Amino acid sequence: MVVAVLSLVATVVTQQLVERQIEARLALNGEALVASIQEGVEDVEHYLAALGGLFQASQDVTADEYRRFTSNMGLQAGMAGIAYMPILHGADLGAFEERMAARVPGYRVFEIDAEGNRVPVQSRNVYFPIQYFEPSDALGRPQGLDAGSPPGRLPYLMEAYTSGRTVATPLVPLATTGQEAFIVYKPVVGMSGRVEALVASPVVLADLMSDWVPGGLADVLEWTVRDITDQVPNLTGSDSPDLHLQLLPPLREGMVHTDTIQVASRIWQIDATPAAGSPLLADRYEARWILLAGLAIAMMAAAAVYAFSHRSEAMRQVEALTEVLDAKDQFIASVSHELRTPLTGVLGFAEVLRDQAARLSPDERAEMAAAIADEASDLAAIIDDLLVMGRAEHGTLTVVAVPVDLRAQATQVLEALNLAGEIPVEATRPDARAVADPGRVRQIIRNLVTNAVAYGGPNIRVVIEPVGGMLAVKVIDDGAGIPPEHSEKIFQPYYHSHATAGRPDSIGLGLSVSRMLAQRMGGDLSHRLVDGETIFQLTLPVTAPQRDDPNPAVTARAPMIRKPRDRSASARPRTYQS
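In this note's numbering, the protein residues as written are -6 to 571.
Printed below as a string of structure tokens:
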């Protein structure tokens, strides 16, 4: 009897452990589901940002240029189309229709009545007519539709127009087809500095999820998506600390994983539950069988508990491996985002320059060329960091050891970033030289300066001075800084300490790569807060490493001289922060 009671107690405890294991696996799969949906939404926002850049660079984009640009980029998953809508005041509508009719015979601005018929647009103070739409034959050919005419749309259009921020609608039926979708509006700022147009895309939620949610998750989970923005009007985003207190109750009973994501200006609540017959519940059924068996055969129940303890250990190992794989997948996704964003701009602007150069003014051509140069520079910086990390892991990373004028290297970096007139370089010993690899020194200084520009305060300076028998390059800013508990974590690969709301994470290699290079050259890279200032300090030796130096990756040879790229166009700093 005692053995049976003990077996029953052990089996009940096992049942509780099983439930916790199921909860943990549900949370893991639910987080993967939310991350997949968030990534799909971000891809749509990146696409709209790239298209908006085309209209910011050229004020007279033709229908043919628009068609080629969107065709080259291709629509992202879930996007039913892509629209460009100038913002017109009431008195300007007639002249706009005349201009468009000369290009597109029969063009008129219209709206759709309650019966679904196209009728002349009513008088309004502001119009948002669809000037271009691709694919042109999608969604019932909406070219000419006043986007503000369908019920409930105008407030979101006006919010994007007046605030200058990306805005999304709740899930709504599309005016021309009735499909359930949400619409994302991205403002286009003209030469005057004011919002002059919007680019927009209707996104069919079911199509976005079918493409972005992995098949394995769809087999084990069921989920619901609800827009809760109106229920939590005082919260600023999906990471608000009070958001969990105002979530809606789940629509289903039982075990539920609830999470939220930010969709432009909206907040979505996603509730995930195990699907019927899901492998997530397999252990629950097994534990119930063990409970019944334990009442009849005490020893069998004890053996089952012993076997399950070993299985729990195996599950912990599997979950640890899953976390590693998730980190790898997140890294690949981040690299994909960071490479695709500048590459999309390079491709789009290069196509316009190639095909329409004769129609662009010299200023427009120069601005497009500058944008291409900036994006290409960002790509080169990403690739440099990835190459260093890859070569270090394979033992093929080498650096040279030659005399280096640190002040000249810092000045060269600032000139390449178009920041020489904004960030001063102070040197207590202007003629002092370190022994290092000049190319790697510039790579480190670029990472530190772009970090300070993106995350530091408005006042930045570079100081070069002797420190303990070595030479130091200090990048100093007066920003809020990094908490002391993160001072060493920020140098770990793929680690992020700064919240960058509204854009995807960087790949998280910059500081890790910079410290690795500094140490390979016989120096170090450190971070500290002093008197309200953030200081990143690169230290380098002033003499060459000895022959018995344990670091075989440092070779004393003359550096290869490369012709510098022409960076006459303005450069926009972009940070790839660890």
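Backbone N, C-alpha and C fix where the C-beta goes; we use that ideal spot for every residue, glycine too. Predicted model only: the values in this text are computed from it and were never measured.
- In this chain, the alpha helix (DSSP H) harbouring Asp204 covers 198 to 205.
- Less than 8 Å separates the beta-carbon of Gly23 from that of Ala265.
- In the structure shown, Leu399 falls within a helical segment according to DSSP collapsed to helix, strand and coil.
- When the Cα atoms are used, Gly461 and His39 turn out to be separated by approximately 47 Å.
- In the three-state scheme derived from DSSP, where H, G and I count as helix and E and B as strand, Gln52 is classed as coil.
- In the DSSP assignment, Val428 falls within the beta strand (DSSP E) that extends over 426 to 429.
- Taking the CA atoms as reference points, Thr315 sits about 9 Å from Leu21.
- Arg513 and Leu407 do not touch by the CB rule: their CB atoms are close to 24 Å apart, not below 8 Å.
- Under the 10 Å beta carbon count, Met202 is surrounded by 16 or more other beta carbons and is classified as buried.
- Bounds of the alpha helix (DSSP H) holding Ser156 are 147 to 156.
- The three-state secondary structure of Leu19, taken from DSSP, is helix.
- Residue environment for Leu244: exposed (fewer than 16 other C-beta atoms within 10 angstroms of its C-beta).
- Distances from the CA of Ala366 to each of Arg384, Asp348, Phe342 were compared; the closest alpha carbon is that of Phe342.
- Rounded to whole angstroms, the separation of the alpha carbons of Leu44 and Arg134 is 20 Å.
- With distances taken between CA atoms, Pro477 lies nearest to Gly525 out of Val112, Pro417, Gly525, Pro122.
- Beyond the five residues adjoining it in sequence on each side, Gln402 comes within less than 7 Å, by CB distance, of Pro431, Val434, Arg435, Ile438 in the same chain, given in chain order.
- Contact annotation: Arg18 and Glu127 have beta-carbon atoms that are not nearer than 8 Å.
- Judged by beta-carbon spacing, Phe121 lies beyond the 8 Å limit of Val114, meaning their Cβ atoms are not closer than that value.
- C-alpha of Gly109 to C-alpha of Leu167: approximately 11 Å in a straight line.
- If you check the CB distance, Leu241 and Gln224 come in under 8 Å.
- Shown here, Glu360 sits in a helix according to DSSP, grouped into three states.
- Between the segment 419 to 426 and the segment 439 to 447, the count of Cβ pairs shorter than 8 Å is below three; the stretches do not touch.
- Here Val188 is not near Thr159, since their CB atoms are 8 Å or more apart.
- In the three-state scheme derived from DSSP, where H, G and I count as helix and E and B as strand, Phe121 is classed as coil.
- Per the DSSP secondary-structure output, Tyr178 pairs in a beta bridge with Val160, Ala193.
- From the listed residues Gly83, Met72, His82, Tyr100, the smallest Cα separation to Leu132 is found for Met72.
- By a beta-carbon distance limit of 8 Å, Lys467 contacts Gln530. Their separation comes to about 5 Å.
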